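Q: Okay, handing you the structure first.
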Amino acid sequence: MKILLATAYDYPHLGGLSVHLTTLKSGLESRGHSVDIVSFSDVPKWKRDGIVRGPAFVLNKMKKGSGYVWTLNRRRDELESLIKEKVKGGGYDLINAQDAYTTLAALESDVPVVSTVHGYLTFEGISKGTVLEGSVEADELMEAERQSYKSTREVITVDTRIKDYIEKEAGVVGNMIKNFIDVETFKPEVERRDEFREKYGFAKDDMIFFVPRRLTKKNGVIYPILSLPAVLEKFPKARVVFAGTGEMKDQMEAKAKELGISDRVTLVGAVDHSDILEYYALANVALVPSIYSAGVEEATSISALEAMGSGAPLIACAVGGLKEIVEHGVDGLLVEEQNVEDLSNAMIRLLGDPVYAQQLADAARAKIVADYSHFAAAEKYEGIYLKALGKK
1 MKILLATAYD YPHLGGLSVH LTTLKSGLES RGHSVDIVSF SDVPKWKRDG IVRGPAFVLN
61 KMKKGSGYVW TLNRRRDELE SLIKEKVKGG GYDLINAQDA YTTLAALESD VPVVSTVHGY
121 LTFEGISKGT VLEGSVEADE LMEAERQSYK STREVITVDT RIKDYIEKEA GVVGNMIKNF
181 IDVETFKPEV ERRDEFREKY GFAKDDMIFF VPRRLTKKNG VIYPILSLPA VLEKFPKARV
241 VFAGTGEMKD QMEAKAKELG ISDRVTLVGA VDHSDILEYY ALANVALVPS IYSAGVEEAT
301 SISALEAMGS GAPLIACAVG GLKEIVEHGV DGLLVEEQNV EDLSNAMIRL LGDPVYAQQL
361 ADAARAKIVA DYSHFAAAEK YEGIYLKALG KK
């Protein structure tokens with residue numbers, strides 16, 4: 001098949017969606033398919049800044065959420081033009097859209113469309129404070145979601161909770177295919193720990209907790225900082241390293257200063273995806289401390305999968321898709337979300353028992369290879385594509 005993967009967001013960028021596209025493309029191509037990607041990044045920069053992003057700032061000042069909805073509609077318009085141009089002589093068999101507004105854009109072409117749903121567009125907007133709950137803007141977002149789910153030939157979701165959400169909101173039964181990773185890239189390299197620590201300026205005897213998350217509220221990034229003082233009482237060389245950017249940065253730095261632990265908290269900012277595996281290798285433990293926020297839960301976290309594939313013992317909060325990935329006490333530890341004491345105890349446990357931590361890591365790696373390989377996922381996607389092409 002000739003397949004077009006499409007998104008109304010930037011590609012490539014630092015984030016799970018970009019990783020998903022790259023990895024899915026690789027898996028599908030390994031099965032003999034031809035795959036192209038079209039994204040918002042293909043729109044000329046003057047349009048992106050002047051027409052799509054620029055007015056949104058002013059509109060949001062006038063009414064919260066109006067600029068956000070404006071931006072999404074303009075992204076849809078631009079993607080519609082790009083997709084029509086792309087398919088004009090492209091001979092594509094199918095378009096796999098990666099969000100609601102791209103789905104609506106792709107449906108204006110003559111090519112069959114499958115939609116992958118990575119999250120909850122409306123509820124995530126409310127959670128971030130981008131739109132107000134119960135507002136006209138929130139209603140418009142939800143209507144766009146429903147329309148996209150009902151109109152596409154097949155819906156793919158990345159966890160069971162999103163699948164249930166779509167069935168509840170739109171009456172559409174989706175196909176659940178959990179997120180996946182490139183298991184050949186994300187593999188254990190613990191023997192290079194000292195090399196990578198020297199490269200990034202960390203001490204050999206640091207006991208590093210690595211948090212590969214955007215610095216947003218729903219990712220629970222404040223909780224490793226709140227949990228660290230108790231860990232430092234037992235392990236003075238403990239350090240938490242965050243890789244990501246976001247609106248929580250100032251609050252996190254202020255809290256670390258207030259607790260007197262700024263010297264044991266490191267925010268490295270955005271890390272290129274090609275370098276992130278080196279951080280997994282230098283870490284003693286990976287943390288994915290996601291929380292519930294305005295009805296939004298973590299999906300099948302790519303960060304958690306990459307940590308497990310890379311051989312880093314994982315502590316995650318028992319929310320959303322994380323509960324589907326991690327079997328507590330077998331291939332990782334699950335803790336109650338927003339529970340500082342629970343997280344502290346888990347951090348202390350893994351530092352205090354490295355043999356147990358390694359057992360968890362080994363079991364996690366085996367699970368990832370068996371169940372979350374991009375090769376296996378590509379075969380499942382292919383099956384859904386063929387199912388969609390059989391529909392009229």
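Quick note: the sequence shown uses the UniProt record's numbering, first residue 1, plus one each step.
The beta carbon of each residue, even a glycine, is placed where N, CA and C say it ideally should be.
These numbers were taken from a predicted model, which means no experiment stands behind them.
(1) Considering Cα atoms alone, identify which of 192, 99, 167 and 54 is closest to residue 38.
(2) Which residues mark the beginning and the end of the beta strand (DSSP E) in which residue 84 is found?
(3) By Cβ distance, which residues of its chain are closer than 6 angstroms to residue 60, with the 5 residues on each side in sequence left out?
(4) Thinking C-beta only, is residue 111 closer than 8 angstroms to residue 103?
(5) From 189, 91 and 13, pick the residue whose C-alpha is nearest to that of residue 277; which is it?
(6) Quick check: the Cα distance between residue 311 and residue 218, rounded to an integer number of angstroms?
(7) So the alpha helix (DSSP H) residue 219 belongs to, where does it begin and stop?
(8) Thinking residue 196 and residue 314 are a contact (beta carbons under 8 angstroms), I'd like their distance in whole angstroms, please.
(9) Looking at the structure shown, is residue 154 part of a helix, part of a strand, or coil, going by DSSP?
(10) Identify the continuous beta strand (DSSP E) that holds residue 207 and give its terminal residues.
(11) Enumerate, from N- to C-terminal direction, the unbroken alpha helix (DSSP H) stretches of 4 or more residues contained entirely within the stretch 213-290.
(12) According to DSSP, simplified to helix, strand and coil, what is residue 177?
(13) Give the secondary structure of residue 33 by DSSP, where H, G and I count as helix, E and B as strand, and everything else as coil.
(14) Name the DSSP bridge partner or partners of residue 328?
(15) Could you tell me the alpha carbon to alpha carbon distance between residue 122 and residue 131, rounded to whole angstroms?
(16) Out of curiosity, what's the CA-to-CA distance linking residue 43 and residue 77?
(17) Return the CA-CA distance between residue 165 and residue 157, expressed in angstroms with no decimal places.
(18) Considering residue 315, what are the terminal residues of the beta strand (DSSP E) in which it resides?
(19) Which whole-angstrom value describes the C-beta separation of residue 399 and residue 224, a residue pair presumed to lie in contact below a C-beta threshold of 8 angstroms?
(20) Using 10 angstroms around the beta-carbon of residue 341, count the other beta-carbons present and answer buried if the total reaches 16, otherwise exposed.
(21) Which residues bound the beta strand (DSSP E) around residue 113?
(22) With distances taken Cα to Cα, identify the nearest neighbour of residue 302 among 176, 81 and 368.
(23) Count the other C-beta atoms from every protein chain shown that fall within 10 angstroms of the C-beta of residue 226, then say buried if there are 16 or more, exposed otherwise.
(24) For residue 136, which three-state DSSP category applies?
(25) Using 10 angstroms around the beta-carbon of residue 154, count the other beta-carbons present and answer buried if the total reaches 16, otherwise exposed.
(26) Let me know if residue 366 comes out buried or exposed under the rule of 16 or more other beta-carbons within 10 Å of its beta-carbon.
(27) Among the candidates 63, 345, 266 and 251, whose CA atom is the shortest distance from the CA of residue 200?
(28) Tell me, please, whether the stretch 177-191 touches the stretch 203-210 by the rule of three or more beta-carbon pairs shorter than 8 angstroms.
(29) Once you ignore the five residues that flank residue 173 on each side, which residues in its own chain have a CB closer than 7 angstroms to its CB?
(30) Determine, using beta carbons only, whether residue 96 and residue 162 come nearer to each other than 8 angstroms.
(31) Leaving out five residues on either side along the sequence, give the residues of the same chain with a beta carbon under 8 angstroms from the beta carbon of residue 255.
(32) Report back the beta-carbon spacing between residue 209 and residue 287 to the nearest angstrom; my notes put them in contact at under 8 angstroms.
(33) Between which two residues does the alpha helix (DSSP H) containing residue 343 stretch?
(34) What whole-angstrom Cβ distance do residue 309 and residue 187 have, given they're in contact under 8 angstroms?
(35) Can you tell which of 289, 319 and 264 has the C-alpha that lies nearest to the C-alpha of residue 343?
(36) Considering only C-alpha positions, which residue in the set 297, 329 and 346 is nearest to residue 119?
A: Walking through what the data contain:
(1) Here the question's residue 38 lines up with position 38 in the sequence shown. Ranking 192, 99, 167 and 54 by Cα distance to residue 38 puts 99 first.
(2) On the sequence shown, residue 84 is found 84 positions in, with the first residue counted as 1. Counted as a single uninterrupted DSSP element, the stretch harbouring residue 84 is not any beta strand (DSSP E) but the alpha helix (DSSP H) occupying residues 66-88.
(3) One-based indexing of the sequence shown puts residue 60 at position 60. Apart from the 5 residues on each side of it in sequence, residue 60 sits with its Cβ closer than 6 angstroms to the Cβ of 67 in its chain, given in chain order.
(4) Within the sequence shown, numbered from 1, the residue matching residue 103 stands at position 103. Within the sequence shown, numbered from 1, the residue matching residue 111 stands at position 111. Against a cut-off of 8 angstroms, the Cβ pair of residue 111 and residue 103 comes out as no contact.
(5) Numbered from 1 along the sequence shown, position 277 holds the residue referred to as residue 277. Ranking the options by Cα distance to residue 277, first place goes to 189.
(6) Here residue 311 corresponds to residue number 311 of the sequence shown, with the count starting at 1. Here residue 218 corresponds to residue number 218 of the sequence shown, with the count starting at 1. So the alpha carbons of these two residues sit roughly 25 angstroms apart.
(7) Your numbering for residue 219 matches position 219 in the sequence shown. For residue 219, no alpha helix (DSSP H) segment is defined, and its DSSP state is neither H nor E.
(8) Position 196 of the sequence shown, counted from the first residue, corresponds to residue 196. Position 314 of the sequence shown, counted from the first residue, corresponds to residue 314. Taking 8 angstroms as the upper bound for CB-CB distance, residue 196 and residue 314 are not in contact here, some 18 angstroms apart.
(9) Translated into the one-based positions of the sequence shown, residue 154 becomes position 154. The three-state secondary structure of residue 154, taken from DSSP, is strand.
(10) Here the question's residue 207 lines up with position 207 in the sequence shown. Segment 207-211, the beta strand (DSSP E) holding residue 207.
(11) Complete alpha helix (DSSP H) runs here, min 4: 222-234, 249-259 and 273-282.
(12) Position 177 of the sequence shown holds residue 177. The answer is coil: DSSP assigns residue 177 none of H, G, I, E or B.
(13) The residue you call residue 33 lines up with position 33 of the sequence shown. In this structure, residue 33 counts as coil in the three-state DSSP scheme.
(14) Residue numbering aside, residue 328 sits at position 328 when the sequence shown is read from its first letter. Paired residues: 332.
(15) Position 122 of the sequence shown, counted from the start, is the residue given in the question as residue 122. Position 131 of the sequence shown, counted from the start, is the residue given in the question as residue 131. Each residue's Cα considered, the two are about 8 angstroms apart.
(16) Locating residue 43 in the sequence shown gives position 43, counting from the first residue. Locating residue 77 in the sequence shown gives position 77, counting from the first residue. Their backbone Cα atoms lie some 11 angstroms apart in a straight line.
(17) Against the sequence shown, residue 165 aligns to sequence position 165. Against the sequence shown, residue 157 aligns to sequence position 157. Going by the C-alpha atoms only, they are around 10 angstroms apart.
(18) Working through the sequence shown from its first residue, we reach residue 315 at position 315. Boundaries of the beta strand (DSSP E) harbouring residue 315: 314-317, taken from the DSSP string.
(19) Here the chain comprises residues numbered 1 to 392, so residue 399 is not present and cannot be evaluated.
(20) Working through the sequence shown from its first residue, we reach residue 341 at position 341. Under this definition residue 341 is an exposed residue.
(21) As a first step, residue 113 must be located in the sequence shown, where it is residue number 113. 113-117 is the span of the beta strand (DSSP E), which, as asked, contains residue 113.
(22) Residue mapping note: residue 302 aligns to position 302 of the sequence shown, counting from 1. For residue 302, the nearest C-alpha among the options comes from 368.
(23) Numbered from 1 along the sequence shown, position 226 holds the residue referred to as residue 226. It is buried - the Cβ of residue 226 has at least 16 other Cβ atoms within 10 Å.
(24) In the sequence shown, residue 136 corresponds to position 136, counting from 1. Residue 136: helix per DSSP, three-state reduction.
(25) Residue 154 sits at position 154 when you count from the first residue of the sequence shown. Label assigned to residue 154: buried.
(26) As a first step, residue 366 must be located in the sequence shown, where it is residue number 366. It is exposed - the Cβ of residue 366 has fewer than 16 other Cβ atoms within 10 Å.
(27) Against the sequence shown, residue 200 aligns to sequence position 200. The residue with the shortest Cα to Cα distance from residue 200 is 266.
(28) No: the two stretches stay apart, fewer than three of their Cβ pairs being nearer than 8 angstroms.
(29) For the purposes of this step, residue 173 is taken as the residue at position 173 of the sequence shown. So the list reads 167, once near-sequence residues are dropped.
(30) Taking the sequence shown and counting its residues from 1, the one referred to as residue 96 is at position 96. Taking the sequence shown and counting its residues from 1, the one referred to as residue 162 is at position 162. No; because the gap between Cβ atoms is not below 8 angstroms, this pair is not in contact.
(31) Along the sequence shown, one-based indexing puts residue 255 at 255. So the qualifying residues of the chain are 222, 225 and 226.
(32) Taking the sequence shown and counting its residues from 1, one reaches residue 209 at position 209. Taking the sequence shown and counting its residues from 1, one reaches residue 287 at position 287. Between the beta-carbon of residue 209 and that of residue 287 there is about 5 angstroms, and that keeps the pair under the 8 angstroms contact cut.
(33) On the sequence shown, residue 343 is found 343 positions in, with the first residue counted as 1. Segment 340-352, the alpha helix (DSSP H) holding residue 343.
(34) On the sequence shown, position 309 is the one that residue 309 refers to. On the sequence shown, position 187 is the one that residue 187 refers to. Confirmed, Cβ separation roughly 7 angstroms.
(35) Position 343 of the sequence shown, counting from 1, holds the residue named residue 343. Minimum Cα distance to residue 343 is reached at 289.
(36) By one-based count along the sequence shown, residue 119 stands at place 119. Here the closest residue by C-alpha is 297.
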